[in-house]
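Chemist:
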Amino acid sequence: MSLSLIVLLGVFPLAMAYAAVSDLVSMTISNRLCLFLVASFALCAVLLGLSLSEIGWHLAAGALVLLIAFGLFAAGWIGGGDAKLAAATALWFGFDQLMPYLSIAGILGGLLTIIILMLRSGPLPALAENWPWVRRLHAANEGVPYGIALAFAALLVLPETALWHAAIGV
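The sequence shown: position 51 = 48 (this note's numbering), numbered continuously.
(1) Put Thr25 into one of helix, strand or coil per three-state DSSP.
(2) Consult DSSP for Trp128 and reduce its assignment to one of helix, strand or coil.
(3) Can you list, in chain order, the stretches of the beta strand (DSSP E) that have 3 or more residues and sit fully within the region 32 to 84?
(4) Spatial neighbours of Leu121 within its chain, please: CB distance less than 6 Å, with the 5 preceding and 5 following residues excluded, ordered by chain position.
(5) Taking DSSP as the reference, what is the three-state secondary structure of Asp93?
(6) What three-state label does DSSP hand Ser100 in the structure shown?
(7) Let me know the secondary structure DSSP gives Leu116 once reduced to three states.
(8) Mapping DSSP to helix, strand and coil, what is Pro142?
(9) Taking 8 Å as the threshold (C-beta atoms), are Ala102 and Ala71 in contact?
(10) By the three-class DSSP mapping on this structure, what secondary structure does Pro122 have?
(11) Using the Cα positions of Leu40 and Ala125, report the straight-line distance between them to the nearest angstrom.
(12) Can you check which of these residues, Thr110, Arg132 and Thr86, is closest to Ile26 by C-alpha distance?
(13) Are Ala14 and Ala159 closer than 8 Å when you measure CB to CB?
(14) Name the two residues that bound the continuous alpha helix (DSSP H) containing Leu160.
(15) Given that a residue counts as buried once 16 or more other Cβ atoms are within 10 Å of its Cβ, and exposed if not, what is Gly144?
(16) From Gly73 to Arg29, what does the alpha carbon distance come to, in whole angstroms?
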């Protein structure tokens, strides 16, 4: 198994899982995680022999999502960590799988929001009152950990990406 395949099959999904769990329990997504995803993409792109043109298109997709996501952040609709995670993930997908990723993330994010709002409409179970992260998640004045939706969407779309196909030789 090549190092690039290990990165795709291991590092990227683990980073997405970490982002989802981190956002769930702390409502934050680390800048280091996003930078790690960017650096991992660069390593993977080199190992897979992507051309400078292909890398440029991936960079353009990431930059476009960063620009749009920071507009959403400035409007108060998403968190800064969500914006950076979406852009770092878009870098991996390029324009080829960008729309499926964003569409799935939007659907999953909407479902997540509905579920959280439904749970917030009722009382917090006594058992959960001892867990600070559950209390925060239940609080009406808190946001929604949208990184969960972004991470799950990324994991669903990854097998359709050109990077994945290059790594497995398809």
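Ideal Cβ positions, reconstructed from N, Cα and C, are used throughout, including at glycine.
Modeler: In this structure, then:
(1) As a working note, residue 25 is residue 28 in the sequence shown. Coil, per DSSP.
(2) On the sequence shown, position 131 is the one that residue 128 refers to. Look at Trp128 here: in three-state DSSP terms it is coil, with no helix or strand label.
(3) none
(4) Here residue 121 corresponds to residue number 124 of the sequence shown, with the count starting at 1. Hits under 6 Å: His135.
(5) Numbered from its first residue, the sequence shown carries residue 93 at position 96. Coil.
(6) Translated into positions along the sequence shown, residue 100 becomes position 103. Here Ser100 sits in helix by DSSP.
(7) As a working note, residue 116 is residue 119 in the sequence shown. Helix at Leu116.
(8) For this step, residue 142 is matched to residue 145 along the sequence shown. Correct three-state label for Pro142: coil.
(9) Taking the sequence shown and counting its residues from 1, one reaches residue 71 at position 74. Taking the sequence shown and counting its residues from 1, one reaches residue 102 at position 105. Not a contact, by the Cβ cut-off of 8 Å.
(10) Start at 1 with the first residue of the sequence shown, and residue 122 comes out as number 125. Coil.
(11) Position 43 of the sequence shown holds residue 40. Position 128 of the sequence shown holds residue 125. Approximately 42 Å, taken between the alpha carbons.
(12) Taking the sequence shown and counting its residues from 1, one reaches residue 26 at position 29. Selected option, being the one with the closest Cα: Thr86.
(13) As a working note, residue 14 is residue 17 in the sequence shown. As a working note, residue 159 is residue 162 in the sequence shown. No, these two residues do not count as a Cβ contact at 8 Å.
(14) Taking the sequence shown and counting its residues from 1, one reaches residue 160 at position 163. Looking at the DSSP string, the run of the alpha helix (DSSP H) that includes Leu160 is Ala159 to Ile165.
(15) Along the sequence shown, one-based indexing puts residue 144 at 147. That one is buried.
(16) Position 76 of the sequence shown, counted from the first residue, corresponds to residue 73. Position 32 of the sequence shown, counted from the first residue, corresponds to residue 29. So the alpha carbons of these two residues sit roughly 22 Å apart.
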